[in-house]
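Q: Heads up: the sequence shown at position 74 corresponds to 74 in our numbering, and the numbers run straight through without jumps.
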Amino acid sequence: MKKVTSIFMILFVFAVLTPGLLFAQNTEKKNTNQSEKVKKCDSLWYYGIDLSHVRVTDGAKISRSIKYSSVYPSAWVAFVEKELPPYTTVQPELQKKVFYYVQDEVQNHTQKVSPNFIIGTNYSFPVDTLIKAVKSYKLSRSSGIGLVIIPENFNKNYESASSWITFFDIGTRELLWTVKVTGACQHMGYTAHWGSGIVEGFKSFINSSY
1 MKKVTSIFMI
11 LFVFAVLTPG
21 LLFAQNTEKK
31 NTNQSEKVKK
41 CDSLWYYGID
51 LSHVRVTDGA
61 KISRSIKYSS
71 VYPSAWVAFV
81 EKELPPYTTV
91 QPELQKKVFY
101 YVQDEVQNHT
111 QKVSPNFIIG
121 TNYSFPVDTL
131 IKAVKSYKLS
141 RSSGIGLVII
151 PENFNKNYES
161 ASSWITFFDI
171 GTRELLWTVK
181 VTGACQHMGY
191 TAHWGSGIVE
201 GFKSFINSSY
């Protein structure tokens, strides 16, 4: 009787765990396939930076939030363009033969941040935010693979910036490969300090994931 019970328990555990294991394996396989698809594609449309979702955790500067919201987003874009030139740095780092920097369609429309974007607490957002953001873009192309960098949080507590490196199918707007990265912020001045976190995050992605 004990032997029968033991066999039953083994079969029960196997039946319960197997679907979960298969789901995890299939999910991992899908993610691997998608990242390989991105790495192997010859052409890429780089849409720059979507700053519209970022929050700055810097309690001492909350009173300046409205003023800073109209000044620093464009300054951060300019800093990143200088430190990560699209055609001389981003393209060769991603190893793409055909590469287009299309900043007008996303970047220039998403520099407007919330007037209350400076907050006193740590901050993060879910992947759902990326999905909604990508679906909202008005793009002229209807096919291909796109890339956008979506900063999440510039954090004074940790002197770091978190961003999402986001590759997506331009036609379906499906997220193909997203990687959350963190970059250290060590420069002087509000522009270079937080902008350097975006730059370092991208470099971390290239070194560790690409």
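Glycine included, every Cβ here is placed at the ideal spot set by N, Cα and C.
Since we're looking at a predicted model, the values are computed, not measured.
1. Taking the CB atoms as reference points, tell me whether Gly-48 and Pro-86 lie closer together than 9 Å.
2. If you run the structure through DSSP and keep just helix, strand and coil, what is Thr-166?
3. Alpha carbons only, please: which of Gly-144, Asp-42 and Val-179 is nearest the one belonging to Pro-126?
4. Residue range of the beta strand (DSSP E) that Tyr-123 falls in?
5. To which residues of the same chain is Ala-133 closer than 7 Å at the C-beta, ignoring the five residues directly before and after it?
6. Exposed or buried, Lys-96, counting other C-beta atoms within 10 Å across all chains shown (16 or more means buried)?
7. Taking the straight line between their C-alpha atoms, what separation do you get for Val-56 and Ser-74?
8. Starting from the Cα of Thr-121, find the closest Cα among Lys-61, Asn-207 and Val-90 and give me that residue.
9. Identify, in the order they occur along the chain, each residue of the same chain with its Cβ nearer than 6 Å to the Cβ of Phe-99, setting aside the five sequence neighbours on each side.
A: On the basis of the data shown:
1. Counted from its first residue, the sequence shown places residue 48 at position 48. Counted from its first residue, the sequence shown places residue 86 at position 86. Result yes, Cβ atoms of Gly-48 and Pro-86 sit closer than 9 Å.
2. For the purposes of this step, residue 166 is taken as residue 166 along the sequence shown, with counting starting at 1. Thr-166 falls in the strand class under three-state DSSP.
3. What you label residue 126 is simply residue 126 of the sequence shown in a count that begins at 1. Nearest of Gly-144, Asp-42 and Val-179 to Pro-126, Cα basis: Val-179.
4. Start at 1 with the first residue of the sequence shown, and residue 123 comes out as number 123. Element bounds for Tyr-123: n/a, residue is neither H nor E.
5. As a working mapping, residue 133 is identified with position 133 in the sequence shown. Cβ within range, chain order: Asp-50, His-53 and Ile-150.
6. Here residue 96 refers to the residue found at position 96 when the sequence shown is read from its first residue. Lys-96 should be labelled buried.
7. Locating residue 56 in the sequence shown gives position 56, counting from the first residue. Locating residue 74 in the sequence shown gives position 74, counting from the first residue. Taking the straight line from one Cα to the other gives about 15 Å.
8. Counting from one through the sequence shown, the residue named residue 121 turns up at place 121. Comparing Cα positions, the closest option is Lys-61.
9. Against the sequence shown, residue 99 aligns to sequence position 99. The residues are Leu-44 and Gln-91.
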